[in-house]
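Down below is the structure, laid out as structure tokens.
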Amino acid sequence: MTYNEVMGGRAPIRMWADPAEVEPNVVQQLRNVSNLPWVHGVAVMPDVHHGKGATVGSVIAMRDAVSPAAVGVDIGCGMTAVKTSCKVDSLPDNLAYLRSKLEQAVPVGFGHHKRPVDPTRLHGFKTADWAEFWKDFDGLASSVRPKRERAEVQMGTLGGGNHFLEVCADDEGVVWVVLHSGSRNIGKELAEHHIEEARRLPHNQDLPDRDLAVFVGGTPQMDAYRRDLFWAQDYARRNRAVMMALVCDVLRRHLPGITFEQPISCHHNYVAEERYDDVDVLVTRKGAIRAGSGEFGIIPGSMATGTYIVKGLGNAAAFNSASHGAGRRMSRNKAKKTFTLEDFKAQTMGVECRKDTGVIDEIPAAYKDIESVMAAQTDLVQVVAHLRQIICIKG
630 MTYNEVMGGR APIRMWADPA EVEPNVVQQL RNVSNLPWVH GVAVMPDVHH GKGATVGSVI
690 AMRDAVSPAA VGVDIGCGMT AVKTSCKVDS LPDNLAYLRS KLEQAVPVGF GHHKRPVDPT
750 RLHGFKTADW AEFWKDFDGL ASSVRPKRER AEVQMGTLGG GNHFLEVCAD DEGVVWVVLH
810 SGSRNIGKEL AEHHIEEARR LPHNQDLPDR DLAVFVGGTP QMDAYRRDLF WAQDYARRNR
870 AVMMALVCDV LRRHLPGITF EQPISCHHNY VAEERYDDVD VLVTRKGAIR AGSGEFGIIP
930 GSMATGTYIV KGLGNAAAFN SASHGAGRRM SRNKAKKTFT LEDFKAQTMG VECRKDTGVI
990 DEIPAAYKDI ESVMAAQTDL VQVVAHLRQI ICIKG
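The numbering used here numbers the first residue of the sequence shown as 630 and each following residue consecutively.
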């Protein structure tokens, strides 16, 4: 599919979704963004849906400016996947037992480690720069500095909501590990701090949506945001790496001889410095992955509809981006009111996972059809592998 151009803004809006199927409030959000004087262009992914300030599933290129709400409150949220040497028929018959061992290794929901994870004790883990990483914590916004201890024990934890840890199998029966998480509470605290800082700035007082407040280059507020933003993105990357190391250690104990390929990792709520049309821009991807030519990415569906490992095609019209997943078609509250526990059990049949009312809001039917999402972005990515869930852990 090629894109549709949506009219009504200063900057072009290129949409890889069917405009007729995009809700009017989402279109209005996109137009609000494209009318900001700093915006170079907007690319809209096929999983687009309403978000705070900026839509989820949007890629916004700005000239020397950035909107914290266009990144989202889970800074650096993203995916990591690792292909193993194990075949699915080598997994233990008791998948519930294996799930419990994984849950013991990686705290979920509001859980955290009793003490900070020591990276030097993790198999094959690179640890040289961890001291420098934590040293930089002291330079973050003053409002979060008392929360270092919490940030340390949350490193290597999953969180709740749509964050997940999965054991999957590809179409050849090879086992993969896939996980989805971000910068935990420290990223949220930093995001909310800077969103409020931006809302108070004089140049943001007449915006159509105050949640679109921006920082502009050459100001102390922008410098402070960039410092905290890039630290939180690094926290998210390290968080996923620690979790993956913990998971792989569990699998080594229960699947002797298993080996692991190099991980594939991608943020989908973040900022990057890039160049398009001979213009240097700050690109915010909120619910989108980078899909530069030959770059690997991960696009999950829901907890029982599979995940795609992809390779980017480098489509500059989309700012080298692709969707981050299936995207919600129904709010969490509506899902809880619409579906029963029996519906959930039926839709997750064959997947070892929680089967209780606490996860009904993550029912597959609350998400868009992943196959339709993939069909809409054949000019953005090519499929490398299709995975199906065997074990799914949610917070």
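Idealized CB from N, CA, C, for every residue including glycine.
{"Item": "Check: residue 639 C-beta below 7 Å from any heavy atom of the ligand HEM", "Value": "Because no ligand of any kind appears in the structure shown, any question about the ligand HEM cannot be addressed here."}
{"Item": "Contacts around residue 765, its chain only, beta-carbon distance under 7 Å, and the 5 residues preceding and following it disregarded", "Value": "860"}
{"Item": "Close-in-space but distant-in-sequence residues of the same chain around residue 958 (CB under 8 Å, 5 per side omitted)", "Value": "678, 995, 996 and 997"}
{"Item": "Outcome for residue 888 when other beta-carbon atoms lying within 10 angstroms are tallied against a minimum of 16", "Value": "exposed"}
{"Item": "Identified DSSP bridge partners for residue 1002", "Value": "According to DSSP, which records beta bridges pairwise, residue 1002 is partnered with nothing at all."}
{"Item": "Check whether residue 632 and residue 639 have beta carbons under 8 Å apart", "Value": "no"}
{"Item": "Local conformation of residue 983 per DSSP, three classes", "Value": "coil"}
{"Item": "From 691, 1006, 786 and 979, residue whose alpha carbon lies closest to that of residue 918", "Value": "1006"}
{"Item": "For residue 841, three-class secondary structure by DSSP", "Value": "helix"}
{"Item": "Sub-8 Å separation of residue 703 and residue 816 beta-carbons", "Value": "yes"}
{"Item": "Touch test, the stretch 1006-1016 against the stretch 797-815, Cβ-Cβ under 8 Å, three pairs minimum", "Value": "yes"}
{"Item": "Distance between residue 1019 and residue 826 (C-alpha atoms, nearest Å)", "Value": "44 Å"}
{"Item": "Endpoints, the alpha helix (DSSP H) within which residue 962 is located", "Value": "961-967"}
{"Item": "Counted within 10 angstroms of its Cβ, other Cβ atoms place residue 864 as buried (16 or more) or exposed", "Value": "buried"}
{"Item": "Contact under 8 Å by Cβ, residue 942 with residue 662", "Value": "no"}
{"Item": "Beta-carbon spacing of residue 953, residue 930 below 8 Å", "Value": "no"}
{"Item": "Backbone CA spacing between residue 937 and residue 991 [nearest angstrom]", "Value": "19 Å"}
{"Item": "Start-end ranges of the beta strand (DSSP E) lying completely within the stretch 679-741, minimum 3 residues", "Value": "685-691 and 707-716"}
{"Item": "Same chain, Cβ closer than 8 Å to residue 873, five either side skipped, listed in chain order", "Value": "709, 711, 806, 808 and 892"}
{"Item": "Beta-carbon separation (whole angstroms), residue 968 vs residue 912, contact threshold 8 Å", "Value": "That belief does not hold up - the Cβ atoms of residue 968 and residue 912 are roughly 36 Å apart, past 8 Å."}
{"Item": "Identity of the residues DSSP links to residue 815 by a beta bridge", "Value": "Bridge partners of residue 815: none, in fact."}
{"Item": "Residue of 673, 964, 946 and 1008 minimising C-alpha distance to residue 987", "Value": "964"}
{"Item": "Residue 974 - containing alpha helix (DSSP H), residue span", "Value": "970-976"}
{"Item": "Reference residue 831, options 821, 854, 901 and 850, closest by Cα", "Value": "850"}
{"Item": "For residue 924, the nearest candidate out of 647, 970, 698 and 951 (CA to CA)", "Value": "951"}
{"Item": "Closest residue to residue 883 among 729, 751 and 939 (Cα-Cα distance)", "Value": "729"}
{"Item": "DSSP-derived helix/strand/coil call for residue 894", "Value": "strand"}
{"Item": "Between the CA atoms of residue 686 and residue 651 - distance to the nearest angstrom", "Value": "12 Å"}
{"Item": "Between the CA atoms of residue 725 and residue 910 - distance to the nearest angstrom", "Value": "48 Å"}
{"Item": "Buried versus exposed call for residue 744 [16 or more other C-beta atoms within 10 Å across all chains shown]", "Value": "exposed"}
{"Item": "Backbone CA spacing between residue 1010 and residue 927 [nearest angstrom]", "Value": "10 Å"}
{"Item": "Identity of the residue in 852, 718, 955 and 843 nearest residue 770 by Cα", "Value": "852"}
{"Item": "Inter-residue spacing [alpha-carbon to alpha-carbon] between residue 690 and residue 906", "Value": "11 Å"}
{"Item": "Neighbourhood of residue 693 by C-beta distance below 6 Å, restricted to the same chain and skipping five residues each side", "Value": "846"}
{"Item": "Best match in 720, 668, 657 and 666 for proximity to residue 681 [C-alpha to C-alpha]", "Value": "657"}
{"Item": "When 763, 793 and 701 are compared against residue 780, the one with the closest alpha-carbon", "Value": "763"}
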